[in-house]
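Report on one structure; see the data block that follows.
2 protein chains.
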Amino acid sequence: MSMDAVFKALADPSRRQLLDRLRDRNGQTLNELANGWDMTRQAVTKHLAILEAANLVATEWRGREKLHYLNPVPIHDIADRWIAQFRRPHLDALADLKRDLESENGDET
Amino acid sequence: MSMDAVFKALADPSRRQLLDRLRDRNGQTLNELANGWDMTRQAVTKHLAILEAANLVATEWRGREKLHYLNPVPIHDIADRWIAQFRRPHLDALADLKRDLESENGDET
DNA sequence: GAAACATGCAACTGCATGGTTGCATATTGT
DNA sequence: ACAATATGCAACCATGCAGTTGCATGTTTC
Chain S
1 MSMDAVFKAL ADPSRRQLLD RLRDRNGQTL NELANGWDMT RQAVTKHLAI
51 LEAANLVATE WRGREKLHYL NPVPIHDIAD RWIAQFRRPH LDALADLKRD
101 LESENGDET
Chain U
1 MSMDAVFKAL ADPSRRQLLD RLRDRNGQTL NELANGWDMT RQAVTKHLAI
51 LEAANLVATE WRGREKLHYL NPVPIHDIAD RWIAQFRRPH LDALADLKRD
101 LESENGDET
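Printed below as a string of structure tokens:
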């Protein structure tokens, strides 16, 4: 499961907003999700396809309607595998290194 | 501080790898960071500029060398403010809704 | 069966962006 | 002072991608 696809999918604000909408109410149809935008239904379809390819959204057909469900797993995967790594180098480290540099340079030149 | 800039910055695999390198060893120069790629130094400069604009990297000049420091704060911001929201609709919710649908449709059509 | 409804598919457009090349600038070292 | 080193800046190119328009397909309803 490509983590790159998830990052790229999350890079677009419209797509993040789509996920927000699904978080508010899960299982919405295309038409429901396409309402209240300044973009066409087809554009929303494309965004949803990208979210689906990234496994962030699952779909289910009910008759002629396509229902969309939020899948938070990839987001948690990112949080767990990727973000956790950046917890190690503590904020202090940045301050420390900057302080080291300043004393190395000498402020009073 | 635009969260969109952070998402967009993280969307590129090269930039994520740059952050990884800085996580391994903080305070590297441009030349150090530009080594071992199949892209030019100038390309790396551009990536670093984007990371810096997103506040993911802080820079410090030491003479003619530019040192780069990882700033994990925006990543934690994303984790805290954005990802936490997607913890509410539990994984069960997806399964539940799918089950509801199936019983609604009737499997035997 | 025909009209209305929900969605899909394909071609095209414009703009953002990743990457390159070439040259300029500033700092270090001899 | 001069050569080498480290980086910046600008122009340019190619590709990706968000968005549109137009039409096709499948499903419900009367």
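Taken in order, these protein sequences are the chains called S and U.
Residues 1 to 109 in the working numbering are what the first sequence lists, from first letter to last.
Residues 1 to 109 in the working numbering are what the second sequence lists, from first letter to last.
A virtual CB, placed ideally from N, CA and C, is assigned to each residue, including glycine.
Nothing here was measured: the structure is a model prediction, and the numbers come from that model.
When the cut-off is 8 Å and only beta carbons count, does Lys66 of chain S lie next to chain U? no
Residues in the same chain with beta-carbon distance under 7 Å from Leu70 of chain S, minus the five sequence neighbours each way, listed in chain order, please. Leu19, Leu22, Arg23, Asn26, Val57
What number of angstroms, rounded off, separates the C-alpha of Thr40 of chain U from the C-alpha of Met39 of chain S? 38 Å
Against chain U, does Arg81 of chain S count as a neighbour if the rule is that its beta carbon must be under 8 Å from one of theirs? no
Report all residues from its chain with a CB closer than 6 Å to the CB of Glu108 of chain U; omit the five preceding and five following residues, and keep chain order. No answer about Glu108 of chain U holds up, because its pLDDT of 37 lies below 50 and its placement is not dependable.
I need the DSSP call for Trp61 of chain S, collapsed to helix, strand or coil. strand
Contiguous alpha helix (DSSP H) assignments of at least 4 residues, all confined to the segment 34-87 of chain U: 41-53, 73-77
Mind checking which residues open and close the alpha helix (DSSP H) that includes Ser14 of chain S? 13-24
Neighbourhood of Ala9 of chain U by C-beta distance below 8 Å, restricted to the same chain and skipping five residues each side: Arg15, Ile50, Leu51, Ala53, Ala54, Leu56
Is the Cβ of Gly21 of chain S closer than 8 Å to any Cβ of chain U? What sits at residue 21 of chain S in the sequence shown is Arg, not Gly. False, the Cβ-Cβ gap to chain U never drops below 8 Å.
Thinking C-beta only, is His68 of chain U closer than 8 Å to Gln17 of chain U? no
Please tell me whether Ile50 of chain U has its Cβ less than 8 Å away from any Cβ of chain S. no
Give a yes or no on whether 8 Å exceeds the smallest Cβ distance from Asp77 of chain U to chain S. no
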